[in-house]
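Shown next, in structure tokens, is the structure this report addresses.
Numbering (the working numbering), first residue to last: 44 to 394.
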């Protein structure tokens, strides 16, 4: 193959005679004799020129889209250490689907704030990596810092949970919440965890206790998840829903114990006037008893009575609660709907 740096002009006659290019060594072998040593010392013309490195010109990191960051501004941003600006660039890259920019930003964020850094900088750095869809990078940045006991540890473990959850590292996420609980799972009830940003800009949250149970379920630790749900202290609808979930997880528990948990859930649902949930719980109870070969007639009767009473009483209450002259009847209907032991309620009437 001719040298890329030198291509000699070839006449038709020469083309017929020279089918293979020969270097100095090849010519020496063919000519032999006294000319060979002298010819061997003559370099090819292409060899006289110094080798030039191949320069790859990078194209634009993203197509030109109205509203996106110009190329020059983006390249300048990559040379700086402004974590907030890098975070905004990550958000834009995700929104526009700029994969190449996303990769460049991820790499830059791993080196933009080299250790050691104070915790606020570490948290901002990790958050930017999460925005850039790099949860493992966020975990790596967090591992550079050892938080002090107290508020620092809480902030650090919360961010570690976010990174672990985003990376689907359920064991790490569960461990982070256990550290936050400090041996008392009920503490997690008062810790709202961010799940996602809604379209209206509001943040969807869920108590850490319920999130912890979800991680345990994914890990196949159903009994521990049920125990976590039962550790909750909040009353009303929340308690009823947790009891319902615990019963579903404790499928190896004796039927009598699961039935007792459902009764507790029914009381909580009735106290919160969560009638749809109460009907669902009664249906769960009926199915449980039937599956165990037990008599489910009482559960079916209660389900039918509650369905009818809820429909009638709730409709009347909706009509009369706006009428000041019907305050007495409204209170009576509300009490009837609230009490599980009123005639027609979900629980049998007391003697």
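Backbone N, C-alpha and C fix where the C-beta goes; we use that ideal spot for every residue, glycine too. Fair warning: this is a prediction, and the values are worked out from it, not measured in the lab.
Check: With DSSP run on the structure shown, which of helix, strand or coil describes residue 198?; Outcome: helix
Check: In terms of residues, what are the limits of the alpha helix (DSSP H) holding residue 239?; Outcome: Not the alpha helix (DSSP H): residue 239 falls in the beta strand (DSSP E), residues 235–240.
Check: Is it true that the CB of residue 324 sits closer than 7 Å to the CB of residue 345?; Outcome: no
Check: For residue 268 versus residue 236, is the C-beta spacing smaller than 7 Å?; Outcome: no
Check: Measuring CA to CA, which of 310, 148 and 297 is closest to residue 286?; Outcome: 310
Check: Quick one: grab the DSSP three-state call for residue 174.; Outcome: helix
Check: Curious, which full-length alpha helix (DSSP H) runs of at least 4 residues does the segment 274–338 contain?; Outcome: 280–292, 298–314 and 318–334
Check: So is residue 319 buried or exposed if we call it buried at 16+ other beta carbons inside 10 Å?; Outcome: exposed
Check: Along the alpha helix (DSSP H) that carries residue 262, what are the first and last residues, could you check?; Outcome: Where residue 262 is concerned, there is no enclosing alpha helix (DSSP H), given that its DSSP letter is neither H nor E.
Check: For residue 362, which three-state DSSP category applies?; Outcome: A caution first: residue 362 carries a pLDDT of 49, below 50, which makes its placement in the model unreliable, though a value can still be read off. Residue state, collapsed to three classes: helix.
Check: Where does residue 98 sit, in a helix, a strand or coil, going by DSSP?; Outcome: Because residue 98 sits at a pLDDT of 41, beneath the cut-off of 50, its placement in the model cannot be relied upon, and the following sentence gives the value as read from the coordinates. It is coil, neither helix nor strand.
Check: Would you identify the three-state DSSP class for residue 66, choosing helix, strand or coil?; Outcome: Note that residue 66 scores 47 on pLDDT, short of 50, meaning its location in the model is unreliable; the coordinates nonetheless yield the value given after this. Residue state, collapsed to three classes: coil.
Check: Please tell me whether residue 177 and residue 149 are closer than 7 Å, where the distance is taken between their beta carbons.; Outcome: yes
Check: Starting from the C-beta of residue 208, find all residues in its chain whose C-beta is less than 6 Å away, skip the five residues before and the five after it, and write them out in chain order.; Outcome: 216
Check: Among 192, 191, 194 and 211, which has the Cα closest to the Cα of residue 182?; Outcome: 211
Check: Whose C-alpha, out of 124, 132 and 119, is nearest the C-alpha of residue 110?; Outcome: 132
Check: How many Å lie between residue 238 and residue 245 at the Cα?; Outcome: 11 Å
Check: Whole angstroms are fine: how far does the CA of residue 298 sit from the CA of residue 331?; Outcome: 7 Å
Check: Ignore the nearest five residues each way along the sequence and tell me which others in residue 234's own chain have a CB closer than 6 Å to its CB.; Outcome: 251
Check: Can you check whether the CB of residue 305 is closer than 7 Å to the CB of residue 328?; Outcome: yes
Check: Looking at the strands, I want to know which residues DSSP matches up with residue 250.; Outcome: 235
Check: Tell me which residues share the same chain as residue 374 and place their Cβ nearer than 7 Å to its Cβ, disregarding the 5 neighbours each side in the sequence.; Outcome: none
Check: Only counting the same chain, and skipping five residues up and downstream in sequence, which positions put a Cβ closer than 8 Å to that of residue 185?; Outcome: 165, 169, 199, 202, 203 and 206
Check: Just to confirm my understanding: we take residue 271, look at its own chain, exclude 5 residues before and 5 after, and list those with CB closer than 7 Å. What are they?; Outcome: 228, 252, 255, 256 and 259
Check: Where does the unbroken alpha helix (DSSP H) through residue 134 begin, and where does it stop?; Outcome: 126–139
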